[in-house]
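>
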Amino acid sequence: MQPAAPICAEPASAACAVGVFRVFMPSVFSDLLEEARLSVRSIADYGDHLLHPTVRLGVTGLSRAGKTVFITALVHSLLRGGRLPIFESLTSGRIASARLEPQPDDTIPRFDYENHLKALIDERRWPASTVDISELRLVIDYQRESGAMRTLTLDIVDYPGEWLLDLPLLEKSYEQWSAESLALSRQGSRQALARQWHAHLATLDPATRADEQQALAAAKLFTDYLKACRDERFALSLLPPGRFLLPGNLAGSPALTFAPLELPEDKDAPGGSLWALMRRRYDSYRSAVVRPFFRDHFARLDRQIVMVDALAAFNAGPDALHDLEAALGTILDCFRTGRRTVLSSLLRPRIDRILFAATKADNLHHVNHDRLEAVVQRMVRDAAERAQFTGAKIDVVALAAVRATREASVRHGRDELPSIVGVPAKGETSGGEAFDGETEVATFPGDLPADPEKLFENPEAFRGLASANAEGADYRFLRFRPPKLERKDGREPALPHIRLDRALQFLIGDRLQ
Ligand code: GDP
């Protein structure tokens, strides 16, 4: 059993005043130390960037949002070239060459570009998704608009969005986090998913002696609840702590063996209690997991793309959409938090461009792409206004990094329906029909409303979308296989996409002028 530490992180009562002093001083000190470390690194990065212009691009998004496919397509389009009309430096012929080079950080896994590309092109299957951080360095030789030759280094850092959504925990005590998590778990569709965990919670007395088995059971039931929320039927987004869903090498460790408790507001944790144990582990999670991620990765990014699977949220219904909206707001607030690290922002503006990309737009007919953008724009509107105070440029794009469908007009009775055609993955089903992974099908995915407010006002509009061709049997969008592509004379084919060039132009276009 872990020894429980009777600490008091909040100046809540006179009874824990001594504890406050003891914990508060080191915390201020460690914050200063952190600032100092960040600024030393900023100076080093800054000097390095003057000599070798570099963009450190963060690619994030929740599990299965489309990060891996996006990075593979982005790198391939720069290495090989492709049809990217809006990406000006490539179209105008100013990019002379691009190549992969060894990445700068030796302790981060390399993004497995070659195998991901092989899966897409040769095996016609989607590559394995992101579960951890990874990195890839791409070096681009280009001609400036003035004519001079230059080199831009692009460091791509792929990391789970679940980790990003942990950053607000740095500013929350265990008691605050506990109360917020419990309140959220009692809302909408979460309530039913949390039933078992809530039943166990009702048997716990936070003030009793800490018991490892109780902590283990609470953490397991809480994790099960978070996993159920992530299930595609519910597709909820706001589910910290992120490592509970993607534990990596921390699986089973005490830093992941805690859960919220129902706590009295007017008391403090008795020494050796379950409450004290949970609080200590929560604090360990923050200091051993969240803070290093902030310091070593997040604080060093220059640009950020956030991949958003808005279609999965439409499929799941209004709760999922509102949850996604809250998650996107939290993400944007994280960027504000990032810029509050005073010294580093004085030395060099850090993240100065943020792109929200609504992925898998090839599941919709092109008349809906602008509408999809408008919905995501509406979701980030308020938070974007807050973030813009920091000077970061924010944009939204609906894209398909790898387009798996083509468009067709399909006659349905008297109507011509704007449809999409693709090969559903083996095992996919729709309206009782199972697909073999080889046969093309045409589906009418339905239309998003021209006015995004309509989606927010009328919850039924969510469901109408994917069910348009499924007669109410199945609301999901179909999962299509990647497109059939062939090498010509041994040369890799270009990957078809939707608006990948717009994303590239926004993310690095200005650095290639
Ligand atoms: P990650 O977890 O964010 O790395 O997500 P992935 O990039 O692995 O994508 C998850 C899944 O989404 C893939 O296996 C595909 O089924 C689907 N997907 C991703 N990008 C696209 C796209 O551009 N078009 C289509 N049709 N599906 C995509």
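Residue 292 in our numbering sits at position 280 of the sequence shown; the count goes up by one each step and never skips. For glycine and all other residues, C-beta sits at the position ideal for the given N, C-alpha and C. Computed from a predicted structure; not experimentally measured.
Please report how far the alpha carbon of Asp170 lies from the alpha carbon of Ala446, in whole angstroms.
So the alpha carbons of these two residues sit roughly 34 Å apart.
> Quick check on this structure: which residue in Ile152, Gly458, Gly449 has the alpha carbon closest to the alpha carbon of Glu135?
Closest option to Glu135, Cα to Cα, is Gly449.
> Does at least one heavy atom of ligand 1 sit under 7 Å from the Cβ of Val81?
Within the cutoff, so yes.
> So, is Glu157 buried or exposed, given that buried needs 16 or more other C-beta atoms within 10 angstroms?
The residue is exposed, with fewer than 16 neighbouring Cβ atoms inside 10 Å.
> Report yes or no: do the stretch 197–206 and the stretch 284–295 share at least 3 C-beta pairs separated by less than 8 Å?
Taking 8 Å as the limit for Cβ pairs, the verdict is that the stretch 284–295 does not touch the stretch 197–206.
> Less than 7 Å between the CB of Ala413 and some heavy atom of ligand 1, yes or no?
Answer for Ala413: yes, Cβ within range of ligand 1.
> State the Cα-Cα distance for the pair Leu516 and Thr220, rounded to the nearest angstrom.
The alpha-carbon atoms of Leu516 and Thr220 are separated by roughly 56 Å.
> What is the residue span of the beta strand (DSSP E) that Arg68 lies within?
From DSSP, the beta strand (DSSP E) with Arg68 extends over 66–73.
> Quick check on Asp178: buried or exposed, where buried means 16 or more other Cβ atoms within 10 Å of its Cβ?
Answer is buried; the Cβ neighbour count reaches 16.
> Measuring CB to CB, does Thr269 end up less than 8 Å from Ala328?
Cβ distance not < 8 Å, so Thr269 and Ala328 don't count as in contact.
> For Leu102, which residues from the same chain have a beta carbon less than 7 Å from its beta carbon, with the 5 sequence-adjacent residues on both sides left out?
Contacts found: Gly93, Leu96.
> Taking the beta carbon of Lys372 as the centre, do at least 16 other beta carbons fall within 10 Å, making it buried, or is it exposed?
It is buried - the Cβ of Lys372 has at least 16 other Cβ atoms within 10 Å.
> Check Pro436 in the structure and name its three-state DSSP category.
DSSP places Pro436 in strand when its eight states are reduced to three.
> Taking 7 Å as the cut-off, is the beta-carbon of Phe492 closer than that to any non-hydrogen atom of ligand 2?
In the structure on display, ligand 2 does not appear, and the ligands it does have are ligand 1.
> Smallest Cα separation from Trp175: which of Arg298, Lys279, Ser109?
The candidate whose alpha carbon is nearest that of Trp175 is Arg298.
> DSSP state of Leu524, grouped into three classes?
The answer is helix: DSSP assigns Leu524 an H, G or I state.
> Taking 8 Å as the cut-off, does the stretch 387–397 touch the stretch 335–350 (at least 3 CB pairs, one atom from each stretch)?
The answer is yes - the stretch 387–397 touches the stretch 335–350, with three or more Cβ pairs under 8 Å.
> Name the one or two DSSP bridge partners that Lys405 has.
DSSP lists Arg365 as partners of Lys405.
> Please find out if some non-hydrogen atom of ligand 1 comes closer than 7 Å to the beta-carbon of Met391.
No.
> For Pro430, which of helix, strand or coil comes out of DSSP?
The answer is strand: DSSP assigns Pro430 an E or B state.
> Any contact between the stretch 71–91 and the stretch 103–116? By contact I mean 3 or more CB pairs, one from each, below 8 Å.
A contact exists between the stretch 71–91 and the stretch 103–116.
> Who are the near neighbours of Pro272 in its chain, counting only those whose CB is closer than 6 Å to its CB and skipping five residues on each side?
Closer than 6 Å at the Cβ level, and outside the excluded window around Pro272, lie Ser190, Ser193, Leu194.
> Whose CA, out of Arg291, Arg162, Thr119, lies closest to the CA of Ser185?
Among Arg291, Arg162, Thr119, the Cα nearest to that of Ser185 is on Arg291.
> I'd like the list of long-range same chain contacts for Asp407, defined as Cβ closer than 6 Å, with 5 residues on each side in sequence excluded.
Excluding residues within five positions, the ones whose Cβ falls inside 6 Å are Leu367, Phe518.
> Whole alpha helix (DSSP H) runs in the stretch 61–137 with 4 or more residues, listed along the chain?
Segments of the alpha helix (DSSP H) lying fully in the stretch 61–137: 79–92, 100–103, 125–133.
> Per the DSSP calculation, Ala420 is bridged to which residue(s)?
Note: Ala420 sits in a beta bridge opposite Ser431.
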